[in-house]
Each structure stands twice: as structure tokens, then as C-alpha cells.
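Taking this note's numbering, the leading residue of the sequence shown gets 86, the next gets one more, and so forth.
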Amino acid sequence: MRDLSGGPRVLLRRLRELMAEPLEPQDRLDRIVRQIAGNMVAEVCSVYVLRADGVLELYATEGLNREAVHLAQLKMGQGLVGTIAASAQPLNLSDAQSHPAFRYLPETGEEIYHSFLGVPILRTGRSLGVLVVQNKASRNYREEELEALETTAMVLAEMIATGELKKITKPGLELDLTRSVTVDGDTYNDGIGLGYVVLHEPRIVVTNLLNEDAEKEIRRLAEAMGSLRISIDDMLSRRDVSMEGEHREVLETYRMFAHDQGWVRKLEEAIRNGLTAEAAVEKVQSDTKARMMRLTDPYLRERMHDFEDLANRLLRQLTGYTGRTTGEGFPSDAIILARAMGAAELLDYPRSNVRGLVLEEGAVTSHVVIVARAMGIPVIGQAAGVVALAENGDAVIIDADEGHVHLRPMADHRRSYEEKVRFRARRQEQFRALRAVEPVTKDGQRIALMMNAGLLVDLPQLSESGAEGIGLFRTELQFMIASTMPKAEEQEQFYRNVIKQAAGRSVTFRTLDIGGDKVVPYFRGHEEENPALGWRAIRLSLDRPGLLRTQLRALLKASADTELKLMVPMVTEVSELKMVRELLQKEVQHLSRFGHGLPRKLQFGAMLEVPALLWQLDELMEAVDFVSVGSNDLFQFAMAVDRGNARVSDRFDPLGKPFLRILRDIVRGADRNKTPVTLCGELASKPISAMALLGIGFRSISMSPASIGPVKAMLLGLDVGALTKAMDEVLDDHHALTPMREVLARFAESHNIPL
Ligand code: PEP
Ligand code: MG
């Protein structure tokens, strides 16, 4: 009778010795299979390794015909071995030949073996190969034997993952682990980035697999588990959980797993079989993941992510890992891969080293994406499964123009992208050369090109892009990325900083525009059926005058002795402006009463985003010092299309007649009243639409900083007088059939204007 508890432990000790010896990889593999066969009293032990072409190749065998090594092959899903690899599940058969998937490979001479036990060689739930033992006699392998073989397979996984088998891989072939894969996602910010993977939640690479003392390891596990439970309880008791990138529901799930006795039992069993505590965590994580990967229920799959995160946390506890490698060894061209991430966490990375961001989740409007856009890096979201497929340091290309993430790309693929990046860089260079060039059209019209901003990370773009000033400063972003409501002093300090960094260029601050899709977690309103039409922006501010007055006071104080340009979002009736002005007046009086410095000049403006204002144009223009058109919202309300709903948001063209006529009426109303008008929606960011805006009379537009160069290149060659004539003809002709976009494109082409 064999000693079952000693069996695997003895085997693992031998394997550890073998791993430490300076052996050639083939020799090491041969000895490993011999050890396993001997220890498990099996006549056969074989290792199959998965190649990048989806073929499982026999790499070593004890018992089968040795001539078949590197010759015998099975495709993924083919035969028993292929079935194990494809399903990432073990097979324990007393009569292998009677299994429907059995496939006879004559070169191996295996027909005389009846019993068969095969386990996948797993790493992070992926099959890298298959380990098999066989016996002549018909028998069922015991649960302990299966467990022992799975544990042994981890050693092989490590050998494969460290690249040791490269030497014995046929020239021209690659192992699956290094295969290039493309994961598709959605474009959140376009651009192309080449670099190396940085996993935001790095997986700990467990190198210390085999334990010396199981009881000691079980104690280490219990301690780590205890600290893990405490840290989760801690996080749950903090009020600001939702801003940590971890939501309450996820944490509750963590807590559930952390107290799951089944999990603890499996971990202890793996330790008793000879693994260290961290190797046990990795093994159980890999097994669980392989099992759960086949689930189709999205809720359960989501829980799999949670389980994985938790196991990673436990690994970090066990290995004493303390934080991200942002220092030495951090690649100079990092592409960050994360399941989800908080905005502040992205700001923790050294900005100049980050070339792109890939998220498995996220939404275009999520805070981290807003920050990434401000940083000017390409972003892909909804890239399902990308984290598990990547290893830290893998080469990666993110093509956010097309929504592809290419992991471990082939050399020629990489070369073609390098060419693309060079081309883009040349264009950027050309735009940069225009920075100091005055934005004057060919027929002498001076255009104000402003940029949109909202965070301090945006400010350097002011001089880099050559923008004249900030036409829209979205003050709500500071509120959106904070975990608690920014205090009055924090707001003031922030605005002071913005003004200082703008170094004399004008900044138009917009008062808080929260509500709708701009969620501030610590300030929750009621559930709304139509949030875009709901309690948001100035409506909310007027109902919470304390909030608005605090902001106004902070802005006034920060602008002492300079000019303050202030505007109000989502105005619907002119009377709302009067109310804001009264509050502003009160704040001015308050500050002067207490001897505070006041702005040298105060300009008060309104955003035109709600169509109702179109029938109050003259009153509006009289009531303010300037008007700024928020074309994103104005378009959504005018055309009744939700700007966040991809199914309808592109349905109508903002360069179509209805919307351009609306915009032209606004410019005419402003001219009539001699009120300065500008436009700060996305429409100003594309050269063709910016050209249309100039054509209908805008002389000031505000856009994303990256657009300043291309828009300036467009206007330098533009005869805007001729364009106005051409556009008016179409806009005034009720029977004109050619779509305006085409008219514009033709105009540009015939006048040699780069779009
Ligand atoms: C707009 O609506 O066009 C605008 C500039 O404001 P936001 O995009 O912040 O709603
Ligand atoms: Mg808006």
C-alpha cells in the first residue's frame, strides 16, 4: 500500500531537485516524466505542449514509443488529450478506448493501455498543455492521485511559462503562450500606441512552488486570509468605496469568497500535497478559472472576475508585494491593461511613460476615460478577457482608431504600425510648426481657437497646442474624480492653480454641470427616467444655492486682480440667469465687505444648449456678456437623439440643414446684439465641421487640444467669404439636394484645403 500523503510530497521533492539541476530542457522533461510514472506506479507518463498553431505536440514520454516524441500530434479538441486541453478539465477513465473522443496514434503504440488520467497544464486558467498517466490494467484513479497530478502539472506550467522549452521547439514554430492574439474593444479615445504591457493589478508570479513544511504554510495561509478579510471589511466601512474603483457590490462578493470554507479547504489540500501557500492559491485560482471560463451567464462570469481579483489580493498578501512598479523597471512606453480603474489611479502613473490604456469594462463617459483623454492617450474599452491573455512586459499595440489590441504582435505587423505612428508623428510635427502662426483665414478673418479643459493635466496642452485660451473649463471634472465633495478652499486652490498655469491666457469657467450622465457619487439625486432632461446643471445649482455660492466665491477669490469669465450651463429661461447674477452679486458684496480682492473684470455668459433659448435670443444676448453654444447638448435636444446612445447618436448629421440653420440663427442673433458668441461642443473639433462653423459666421470656437493643429491647418487656406456664399446658397435653397457635408468636402477639395 502506498503512502498517499507522502506520495505527492516525495514526488514534489524530487521534482524540486530536478528543477534545480543544471539540465538541458529535454533531459529535464524526460526525467520529470520518469519520476511521475515511477511515483504514481503508472506504466506511462507523457507531456503534450500546446503550440501557437493549436497543435498539441508530444514533448516527453515514459512508456510510450520514444521515437514519437516531437512527432505525435493532436489538434486542440482532438482525441482525449485535445479534449482535455480544449475543456481545461481533467479526464479520469478506466477504459480509455471506449471513450468517444479516443483516437489511436499508431506511432505511440498506446493501444495496450486501458486506464488513462490526464490533466490540463494551466496558467491563469489557460491550457498550455496536457499531462497524462496511463496503466495497462483497467482502474479508476483516486481523487488524491488526480490532485497530485494537477499539482505536478503546475511545475510544468512554470517550465513552459519561463520559456525553457523554446530550445527544444522546432524552428519556425512557437508555443501557444507566446502566440499573438488580437482582442477587440470599443474606441474611447483614438490614436495608436506601441509599447509593453503593464498590468494594473499585476499577477504575482509564483516561483516558490514547493513547500518544506505543510503545517507552516497552512499557518501562513490562515494569517494572510485573516488580513485579507480585515482589509475588505475596512474598505466596506469606508464611505468613499465607490471612488476607489471598487463598488460596494464587488466588495460584498469579495467578502463572500473570503469566507468561503470550500475555497479554504481546497487551498489547504493543495498545501498538504506539497505546494507553498502562494502556489496553492495560484493552483486553485487557475482550476476555478478554467471551470468558470465556460460559463455563459454574464452575472457569474462577472463574479469570476471578482474571485480572481480576490485571489490576486491574497497572493499579494502572501508575497508581501507592496504596490505598483512605477519606479525602476517601469517601461518608458507602457500600455496599461486593467479590468477597471479609478481616475485617480491612472494619474498615479508617470504620465510621460504611458502610451495607452485598455479596459475590460468602462464607458466613454467614465471618469478614468475622461482623465485618459485629457492625458491625450489612446483608450480602448470593453476589451473582454484581455487581462488574462497578457503577461506583464508583453509587447502590445493598441490601435484605438479601429478598436484592436494586438498582444505579442508579429514582427511585420509591428513594423507596419511603426510606420503608421511615424506618419502620425510627422503630421503632429507639421501641426506643431503652426503653433506660433496666427489663425487668420486666407481672406483675412482672425479666428479665435480655444481649447476645452477640466483638469490640471490639461493645462500643459495650452502652450503645446498653441490655443489662445480655454474656451470651456468643465469645473465638474474636479468634483467627478474626487472621492468627497471638494471643500471651498480646495476649489479655490484648484482654480488659482488653473489661472496660474494658464499664464495670462483667458479661461472661461463653467459653473458645475453635474447631473445627467455626469455622476458625482457623493451627491446622489433621485433616480430619473430621463436624466438628460432632468435635474442637472443650473437647475440643480439653483436648487442648491449653497453649492453654487461656494463655487462662485471660490472662483471670485481665485480671480482676484485678474479677469473672471464665467458661464452657466443648460440655461432654459433667461430668468435663470438673473437668479445666478443675484447670487454672484451677493458673493461680490460679501467678499468686498471682508476686504478680499475682487476680479479686475467680470464677464458673465450663458451656454446655449436648450432649444427654448432660440426663441429668446434677443433677451438672452442682452442679458449676458457672451454666449457659448454647447453643440453636444443642443444637437441632442434639437434632434431628439440621446448623445450617449450609440444606436441613435449618429443617425442625423450635425452638418445637415436643420442644425446648421439653427446655428446660423444664433450667430445672426449675436451679431444683431453685438454679443460675442463662441461654440465649445465636439463639432468644433473636426476640421470639416469647424470649417462649416466658420462658414456660417462663427469667429471663435473651442475644441479638444489635439484638434487645434488640424483646424488651424484647415483655416489658413480657407477663403471664408467664398465658403459663406456657397453655404448660404444651399441653406437658403429649399430644393437643394446635395447634402451639406458633400458640398463642404467638394469646396475643400477644389480649394486645396486639408481636412
Ligand atoms: C455641450 O453640451 O456641447 C458641452 C460643451 O457641454 P458638455 O459636453 O460638457 O455637456
Ligand atoms: Mg452640455
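Every residue, glycine too, gets a C-beta built ideally from N, C-alpha and C.
Taken in chain order, the unbroken stretches of beta strand (DSSP E) that lie wholly in the stretch 117 to 191 and span 3 residues or more are 129 to 135, 140 to 147, 158 to 160 and 176 to 178. The C-beta separation of MET812 from ILE781 comes to about 6 Å, placing the pair in contact by the 8 Å criterion. For ARG458, the secondary structure class from DSSP, reduced to helix, strand or coil, is helix. Burial of MET125 is indicated by the presence of at least 16 other C-beta atoms within 10 angstroms of its C-beta.
Taking a C-beta distance under 8 Å as the contact criterion, LEU352 and LEU295 do not qualify as a contact pair. Rounded to whole angstroms, ASN758 and LEU698 show a C-alpha spacing of 15 Å. Listed as beta-bridge partners of GLU648 by DSSP are LYS686.
Just measuring C-alpha positions, the residue of ALA639, PRO616 and VAL673 sitting nearest GLY729 is PRO616. Residue state for MET536 is assigned as strand, using DSSP reduced to three classes. Taken atom to atom, the span from the alpha-carbon of LEU668 to that of ARG634 is near 7 Å.
Taking a 10 Å sphere around the C-beta of ASP817, we find fewer than 16 other C-beta atoms and assign the residue as exposed.
The Cβ-Cβ distance between VAL659 and ALA708 falls below 8 Å. Put simply, the backbone Cα of SER223 is about 14 Å away from that of LEU176.
Proximity of the stretch 679 to 690 to the stretch 637 to 648 meets the contact definition, three or more beta-carbon pairs being nearer than 8 Å. For VAL583, the secondary structure class from DSSP, reduced to helix, strand or coil, is helix. Here TRP700 is exposed, its C-beta having fewer than 16 other C-beta atoms within 10 Å.
Residue state for SER626 is assigned as helix, using DSSP reduced to three classes. For PHE516, the three-state secondary structure derived from DSSP is helix. Counting along the chain, no alpha helix (DSSP H) covers LEU284; the unbroken beta strand (DSSP E) around it starts and ends at 277 to 284. If you draw a 10 Å sphere on the C-beta of TYR273, you find 16 or more other C-beta atoms in it, and that means buried.
For PHE832, the uninterrupted alpha helix (DSSP H) run begins and ends at 825 to 835, by DSSP.
For PRO524, the three-state secondary structure derived from DSSP is coil. DSSP, reduced to helix, strand and coil, places LEU719 within a helical segment of the structure shown. Between the ligand PEP and the CB of ASP598, the shortest heavy atom gap is smaller than 7 Å. Assignment of beta-bridge partners to VAL472 by DSSP yields no partner.
Excluding residues up to 5 positions away in sequence, ASN717 lie with their Cβ nearer than 6 Å to the Cβ of GLU767 in the same chain.
Relative to the ligand MG, the beta carbon of PRO739 is positioned no closer than 7 Å to any heavy atom.
Residue range 464 to 466 is occupied by the beta strand (DSSP E) that includes ILE465. The stretch 270 to 285 makes no contact with the stretch 160 to 167; the number of CB pairs closer than 8 Å stays below 3.
For ASP710, no beta strand (DSSP E) segment is defined, and its DSSP state is neither H nor E. Cβ neighbours of GLY441 within its own chain (closer than 6 Å, five residues either side excluded): GLY278, ILE420, ILE462, PRO463 and ILE483. Contact between MET426 and HIS285 holds, since their C-beta atoms are separated by about 6 Å, short of 8 Å. For ILE555, the beta-bridge partners assigned by DSSP are MET536 and VAL592. Secondary structure at PHE783: coil, using DSSP grouped into helix, strand and coil.
For the pair VAL456 and LEU422, the CB atoms are not nearer than the 8 Å cut-off. Taking each of ARG136, THR146, ASP138 and LEU135 in turn and checking the Cα distance to GLU128, the smallest one comes out for THR146.
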